[in-house]
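Here's the structure we're looking at; comments come further down.
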Amino acid sequence: MSEPLLSVSNLRVDFVTNAGRARVLDHVNLSLKTGEIVGLVGESGSGKTTLARAILGILPANAARIESGEIWFEGRDLLKSPAEIVARDVRGRRITFVPQDPFTSFNPVFSIGSQIMEIMRWKSPDARPNRRNWWQRYPRERRRADLARVLELLRIVQLPDPEAILAKYPHEVSGGQRQRLMIAMALATEARLIIADEPTTALDVTIQAQILKLLRRLTSERGVSVLFATHDLGAAHEICDRVVVMYAGQEVESAPASVFFRAPAHPYTESLLASLPSRERGIRGIPGEIPVLVDPPAGCRFHPRCGRASDACRRIRPEVSAPVPGHEVRCYHPLVRRPTEVHS
Amino acid sequence: MTGKAMAAPLLEVEGLRKYFPVRDVWGRRTGWLKALDDVSLAVREGEILGVVGESGCGKSTLGKVIMGIHAPTAGSIRFEGEDITDRRRAGKSGLRSRLQYSYQDPGASLDPRWKIGASLNEPLAIHTRLDRSERQARIGEIIRAVGLPETHLDLYPHEISGGQQRRVGLARILTLKPKLVILDEPTSGLDVSVQATVLNLFLDLKHQFGLTYVFISHDLAVVRMLCDRVAVMYLGRIVESGPIEQIFSSPRHPYTQSLLAAIPEIGGRKVTDDFWLEGEPPDPTSLPSGCRFRTRCPRAIERCAQEDPGLIDRGGGHADACLRAGES
Amino acid sequence: MQTAFYLFRRLASDRTALFGACLVLLLILTAILAPWLATHPNDVAEFHPAERLKPPSAAHFFGTDRMGSDVYSRLLFGARITITIAVIAVGTAVLIGVPIGLVAGYYRNWVGDLLMRISDIFLAVPQIVLAIAIAQSLGPSIENVILALSLTYWPFWARLVYAETTRAMNETYVEAAIALGVPAPRIMLLHILPNISSSIIVRTTIGMGGTILTAAALGFLGLGPPPPTPEWGRTIAESREFLPDAWWYATAPGVAIFLVVMGFNLLGDGLRDILDPRTRRERE
Chain F
1 MSEPLLSVSN LRVDFVTNAG RARVLDHVNL SLKTGEIVGL VGESGSGKTT
51 LARAILGILP ANAARIESGE IWFEGRDLLK SPAEIVARDV RGRRITFVPQ
101 DPFTSFNPVF SIGSQIMEIM RWKSPDARPN RRNWWQRYPR ERRRADLARV
151 LELLRIVQLP DPEAILAKYP HEVSGGQRQR LMIAMALATE ARLIIADEPT
201 TALDVTIQAQ ILKLLRRLTS ERGVSVLFAT HDLGAAHEIC DRVVVMYAGQ
251 EVESAPASVF FRAPAHPYTE SLLASLPSRE RGIRGIPGEI PVLVDPPAGC
301 RFHPRCGRAS DACRRIRPEV SAPVPGHEVR CYHPLVRRPT EVHS
Chain Y
345 MTGKAMAAPL LEVEGLRKYF PVRDVWGRRT GWLKALDDVS LAVREGEILG
395 VVGESGCGKS TLGKVIMGIH APTAGSIRFE GEDITDRRRA GKSGLRSRLQ
445 YSYQDPGASL DPRWKIGASL NEPLAIHTRL DRSERQARIG EIIRAVGLPE
495 THLDLYPHEI SGGQQRRVGL ARILTLKPKL VILDEPTSGL DVSVQATVLN
545 LFLDLKHQFG LTYVFISHDL AVVRMLCDRV AVMYLGRIVE SGPIEQIFSS
595 PRHPYTQSLL AAIPEIGGRK VTDDFWLEGE PPDPTSLPSG CRFRTRCPRA
645 IERCAQEDPG LIDRGGGHAD ACLRAGES
Chain G
673 MQTAFYLFRR LASDRTALFG ACLVLLLILT AILAPWLATH PNDVAEFHPA
723 ERLKPPSAAH FFGTDRMGSD VYSRLLFGAR ITITIAVIAV GTAVLIGVPI
773 GLVAGYYRNW VGDLLMRISD IFLAVPQIVL AIAIAQSLGP SIENVILALS
823 LTYWPFWARL VYAETTRAMN ETYVEAAIAL GVPAPRIMLL HILPNISSSI
873 IVRTTIGMGG TILTAAALGF LGLGPPPPTP EWGRTIAESR EFLPDAWWYA
923 TAPGVAIFLV VMGFNLLGDG LRDILDPRTR RERE
């Protein structure tokens, strides 16, 4: 059993709001192996974006409180390591981020090329990590090497005319092109883990297909792991090796993709798949609403909307159980299905 | 509803064009953005017509032009037989009560400083001559129809959840008992489970009030679920239209084919295994000559650069705009 | 009215805003109760040359001025002048400027543009310079001060409301109201105005402070109400030749102006924090 690349254990994050303390992440566990693409699936309020940001260390400092937990990455606990080391060596370098709306990640008044090269100056694989003064000169040879690396990557992500793109400004390129740029930048620093937060949600479906195809190919070629947070089950189906489902701040199921889509074990997962529009099934929603996290239900947070809820569900959150090796679920009454039943 | 097949369509759009001027820094016009370029369609009473396409295809503009939010550059719009193309000439207030438009987030159409009851009362106060008790009765009927309690009428929008705000927004449109409602991206950005609830609500309201919908969306799975007929748009033109199942099972236009091929299929094959469409739509201010899809089309031939195909009905109400679709 | 209580609670929790509110309240009470609070109420008109320039004592809390009148009592009556000028000038400017801004912002046609250009012309000149010019040509009196101040202040309101209205026009609920066929005046009065009112309230409060300062400046320059009116600015002007010996003469009105302006500013800042829609609503 190889050591996981990323291991989140027992992470509890609260947000301080006007209405009280919102328990956004409730002792969440997650692990990711090298070269694996893991989908983090959840609806709004599930905590998937908070989890992604916690791993990157970019939670809003004034509102977020990390109450407990550990995030192990490449042999160090990111929560206990000094912030400057994490900022310098890990974030943007070993772990990179592809956001939902790449437009706002770019500064509109600088050219794309200047912004990319600025990142490469500090975060390129050749950058010397221990001399991080802002007045440090950017040695010409290294700059040339980095530029070549960037141009090569722009070609790999199928951006037409890479030199021209570098000269353009963010508003002059389309959404699909910006997302390709973000992917190129995520790969440029030779990261081991890419965290993608709804990277294709804002894109048209044909562009989404192109981007997912690209992402899938590049990450498998380079052995890069991806944590793919999304509420779009279709996108997760396209690209993920394994899927983890979150509901209201709790992770409820983790399964290999093939099993996940055909034979989910958790009632919420099953309801979620069933509510996808389908000619045969008609339209089925999930009764009830997503709970307010300031005062969440006790025990398993899905119990108010679950048809199988019992007393135990209402009191104590279920532990992890594995009906089949590799398929973990947190439920006292998991569904047991024959894998041949298909959700389509 | 089959008897209605012979009746005139509820809404008819003919040769509709909407061109936006493109100006440079000094305000001189450098070209035209052809948001709608010769669009014609008909909506029958009681049906749900889907209008699908990706960003820039013009579907939102179509909704707004039909509604009168934008004036068309050319073409005509007929509603219940009456020409409504020029909004200033046509009798406006009667029209408003029969033809309504719902924004992507109907909840955002509520004034945050008005109580919900007041927001629902406003359309009635302006467009009808009902007295106070009649208006109250209608409001009560509508708010119950969208599944909310009458006590909500005394609340402000920020005091209810987003989903409930959405329902109130829809209720406001329905107070005037319209015949046709244009729904513009009603499920965009919604969680899957919420989306299902919203779609069910649309269907319930349709049955209860005998509504006709024009359903504008980029989400093909939802459109397939809900619509009777669909029109596929690309860069301001309808490239294919017809009964929903025919379009989905045997699409003829290469763009429709690529669009359908791009939809992920849970539990089925992976789109990304063999998805073929590449590149992006061309700059809408400088469209390619001839067929606007030819720059990305795997079946393009020389003729495609010379002729700009219109919609051809090849039978059964299934029309497409491809020169080569008729070939075997 | 639950919003009023909510606002009051929020206000009470903000110390500086509360302090500001107290100062403003103090001003209002002083102005109303001047005849009863003053130790020498007749000193507004009378003078006692024998008592001139006496330092503060038990009989004269803030000493006496060059005519022997009680500085304290004249100060209290001066509060009335201050409030009158501020309220009427700001009120008039708001009543002129807000409708102009609303209409210009709603219709966005050549009429609106013309009005905004006129506002721009007025705004290009510093308010005090313009006010001096107007007051100078019309002569020193309280009415002319008010006139000068309102004429130079309305363009600010027109510009502000114009900007807020154009922003509000992009809001979905306004677009929806237009699409619904709501008549324009109704939209402007019932939809746009309530939603920009918080901005207007905040600026009005802060504007009172600024107006008082400008009015005092006009009084200082001799362009305000003529003697023996106990206007604060004029009092300071009178005191100049007796400084630094008769320090109480200038200090009292000076501190009064300072406290009043600060009060309005703090209150206005506090109101801005409270009425800012981002901090106002819990569930968004």
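These protein sequence lines map, in sequence, to chains F, Y and G.
Take the first sequence: its position 115, counted from the start at 1, is 115 in the numbering used here, and no numbers get skipped.
All you need for the numbering used here is the position in the second sequence, starting with 1, plus 344.
All you need for the numbering used here is the position in the third sequence, starting with 1, plus 672.
In this text, a Cβ means the ideal position worked out from N, Cα and C, and glycines have one as well.
| query | result |
| --- | --- |
| Counterpart residues of Leu385/Y in DSSP-defined beta bridges | Val357/Y |
| Sequence-distant residues of the same chain with beta carbon closer than 8 Å to Glu843/G, five excluded per side | Asn867 |
| Buried versus exposed call for Val525/Y [16 or more other C-beta atoms within 10 Å across all chains shown] | buried |
| Nearest-angstrom Cβ-Cβ length linking Met182/F and Ser258/F, presumed shorter than 8 Å | Going by Cβ atoms, the distance from Met182/F to Ser258/F rounds to 29 Å, so no, they are not a contact pair. |
| Ala820/G versus Ala761/G - alpha carbon distance | 8 Å |
| Same chain only: Cβ atoms within 6 Å of Ala918/G, ignoring 5 sequence neighbours per side | Leu725 |
| Nearest-angstrom beta carbon gap, His662/Y and Gly586/Y [assumed within contact, 8 Å] | 3 Å |
| Gly371/Y - DSSP class collapsed to helix/strand/coil | coil |
| Ile908/G beta carbon less than 8 Å from that of Phe892/G | yes |
| Interface partners of Asp535/Y on chain F, CB under 7 Å | Glu43, Ser44 and His231 |
| Alpha-carbon spacing of Arg12/F relative to Lys523/Y, whole angstroms | 52 Å |
| Inter-stretch contact (C-beta, 8 Å, three-pair minimum) for the segment 189-199 of chain F and the segment 587-603 of chain Y | no |
| Whether Ala515/Y touches Val490/Y by CB criterion (8 Å) | yes |
| Buried or exposed by the 16-neighbour rule on C-beta atoms within 10 Å, applied to Ser344/F | Residue placement at Ser344/F cannot be trusted, given a pLDDT of 43 that sits under 50; what the coordinates show is reported in the next sentence. Flag for Ser344/F reads exposed. |
| Close beta carbons around Thr519/Y, own chain, < 7 Å, minus the five adjacent residues each side | Leu464, Pro467, Leu468, Arg482, Ile483 and Ile486 |
| Sufficient close CB pairs (3 or more, under 8 Å) joining the segment 70-87 of chain F to the segment 2-9 of chain F | yes |
| The segment 198-211 of chain F in contact with the segment 31-38 of chain F per 3-pair CB rule at 8 Å | no |
| Reduced DSSP category for Ala434/Y - H, G, I as helix; E, B as strand; rest coil | Since pLDDT at Ala434/Y reaches only 49, below the 50 mark, its modelled position is unreliable, and the value read off the structure follows with that caveat. Three-state result, Ala434/Y: coil. |
| Secondary structure of Gln136/F, DSSP reduced to three states | coil |
| Chain-ordered neighbours of Gly879/G on chain Y, where CB pairs are closer than 7 Å | Near Gly879/G there are no residues of chain Y at all, since even the closest Cβ is about 23 Å away, more than 7 Å. |
| 7 Å CB neighbourhood of Val157/F in its chain, flanking five on each side removed | Arg180, Ile183, Ala184 and Leu214 |
| Option nearest Ala565/Y by Cα separation, candidates Asp382/Y, Ala665/Y and Gly394/Y | Gly394/Y |
| Pair within 8 Å by beta-carbon distance, Asp282/F and Ser275/F | Position check: residue 282/F holds Gly in this sequence, whereas Asp was assumed. Cβ atoms of Gly282/F and Ser275/F: not closer than 8 Å. |
| Validate contact between the segment 709-717 of chain G and the segment 664-671 of chain Y using beta carbons, cut 8 Å, 3 pairs | no |
| Inter-residue spacing [alpha-carbon to alpha-carbon] between Leu718/G and Ser741/G | Correcting the residue identity first, residue 718/G is Glu in this sequence and not Leu. Cα to Cα, the separation comes out at about 7 Å. |
| Contact belief for Leu25/F with Gly47/F at Cβ below 8 Å, rounded distance in angstroms | 5 Å |
| Meets three-Cβ-pair contact criterion under 8 Å: the segment 632-639 of chain Y and the segment 262-277 of chain F | no |
| Tyr363/Y: contacting residues in chain G (beta-carbon distance under 8 Å) | What Tyr363/Y touches in chain G: nothing, since even the nearest Cβ is about 22 Å away. |
| Cα-Cα separation between Leu59/F and Asp14/F, rounded to whole angstroms | 11 Å |
| Positions along the segment 205-220 of chain F whose CB lies within less than 8 Å of some CB in chain Y | Val205, Thr206, Ile207, Gln208, Ala209, Gln210, Leu212, Lys213 and Arg216 |
| Backbone secondary structure at Arg952/G - three-state DSSP | In this predicted model, Arg952/G has a pLDDT of only 46, less than 50, meaning its place in the structure is not dependable enough to derive any value. |
| Cβ neighbours of Asn816/G in the same chain (closer than 6 Å, five flanking residues each side left out) | Ala807 and Leu810 |
| Neighbour flag for Ile610/Y against chain F, beta carbons, 8 Å | yes |
| Alpha-carbon to alpha-carbon, Val173/F and Val369/Y | 19 Å |
| Proximal chain Y residues relative to Leu6/F, where beta-carbon distance stays under 7 Å | Ordered by position in chain Y, no residue passes the 7 Å Cβ test against Leu6/F, which lies about 24 Å from the chain. |
| Any C-beta of chain Y under 8 Å from that of Ala909/G | no |
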